[in-house]
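Written below as structure tokens is the structure these notes are about.
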Amino acid sequence: MGVSSDREQVDASKAISRDASDTVDDKQVVGRKIWRIVPYVKRYWRRALGGLVSNGAARAFDLIPFIAIGMAADYYQSGTYTSSLIESFVNSGNLPSPEIGFGVLILISFIGLAIFQGISEFLWQSTAYKVQHDIRMDATASLMAMEASYFETRQTGNLMAVLSADVAQLEDIVSDSSTSMIRILITFATAFSIMIWMSPTLALILGIPLLLVIPMVVWFSTRVQRRYRKQRESTGGIVSILENVLSGIVTVQAYNASNFELSRV
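Under our numbering, the first residue of the sequence shown carries the number 257, and numbering increases by one thereafter.
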């Protein structure tokens, strides 16, 4: 009877510490529902569009030095320019030599990268902050509209973790992850296009292994989702304990129960 009672208590505590959303899709892939954040971003589409364009321009300037170095190597090896546009810039009347021309081109690319990268970060971070505020307000309003029975099976710490940590991570997704995805897509598309232009066979050989990456990403993301849910449950439990300790700090100090409360945390 004692073992059965303890097991029931453990099962009950697990049920309380986990939300219904955590028990429905245990095999959900990370990012599967991330598109639900798009309507919030659409409210500030001018800022998002400006951040998208400036980020794309920054990535273009980021690739110019590598392309310029490759063209310079071709020029010094064969004596001919790969692109007529580069030739007209390098051999312009204001530049004394091709070496100075390639150096000026690389310098201009670094200046353009710094300018557009700063604009992109400002626009995306301001958009992310506004989106975070809107999501937190909607989530709070949704919680306040719930019936009292909804809160009987959920820890306050879990709800606070969702409203604080989870919403803060959405801000990171909008400001950091979106720019990283844009950078990867533009860099990959440009590099792969140049590779196809230079050697289609080599591009095909290097592109085939990429098909193996997709199932590996799905496999990894599924396990990351499970581990994140366990981490959120742990965070929710800690927040709940801290809330109880702080609300009853006078009682804890009166009964000298500080060590016991520390062991719970």
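Just so you know, even glycine gets a beta-carbon here, dropped at the ideal spot from N, CA and C.
Terminal residues of the alpha helix (DSSP H) in which Gly-312 lies: 301 to 334
Once the 5 residues before and after Ala-313 are set aside, which same chain residues still bring their CB inside 6 Å of it? Phe-372
C-alpha distance - Trp-301 paired with Ser-398, whole-angstrom precision: 25 Å
For Ala-459 versus Met-451, is the C-beta spacing smaller than 7 Å? yes
Under a three-way DSSP split, which group does Pro-295 fall into? helix
C-alpha distance - Arg-392 paired with Thr-435, whole-angstrom precision: 22 Å
Terminal residues of the alpha helix (DSSP H) in which Val-423 lies: 423 to 428
Give the DSSP-derived three-state secondary structure of Asn-515 in the structure shown. helix
Start and end of the alpha helix (DSSP H) containing Pro-456? 456 to 463
Should Gly-307 go down as buried or exposed, given a rule of 16 or more other Cβ atoms within 10 Å for buried? buried
Which word fits Asn-350, buried or exposed, when buried means at least 16 other C-beta atoms lie within 10 angstroms of its C-beta? exposed
Cutoff 7 Å; reference Leu-419; Cβ partners in own chain excluding five residues on either side: Arg-392, Ala-395 and Thr-396
At a cut of 8 Å, does the segment 292 to 299 reach the segment 360 to 376 through at least three beta carbon pairs? no
Let's see if you can read the secondary structure: which residues bound the alpha helix (DSSP H) around Ser-365? 354 to 400
Thinking Pro-354 and Val-346 are a contact (beta carbons under 8 Å), I'd like their distance in whole angstroms, please. 5 Å
With 16 other CB atoms within 10 Å as the buried threshold, where does Asn-515 fall? exposed
Does DSSP classify Glu-343 as helix, strand or coil? helix
Excluding the 5 residues preceding and the 5 following Val-423 in the sequence, name in chain order all residues of the same chain whose CB lies nearer than 8 Å to its CB. Gln-388, Ile-391, Arg-392 and Ala-395
Tell me, to the nearest whole angstrom, how far the beta carbon of Ser-311 is from that of Ile-440; I am working on the premise that it is less than 8 Å. For the record, residue 311 in the displayed sequence is Asn; it is not Ser. With 8 Å as the limit, Asn-311 and Ile-440 do not qualify as a contact, their Cβ atoms being about 11 Å apart.
Beta-carbon spacing of Phe-444, Leu-369 below 7 Å: no
What are the boundary residues of the alpha helix (DSSP H) that includes Glu-403? Element bounds for Glu-403: n/a, residue is neither H nor E.
Is Arg-410 helix, strand or coil by DSSP? coil
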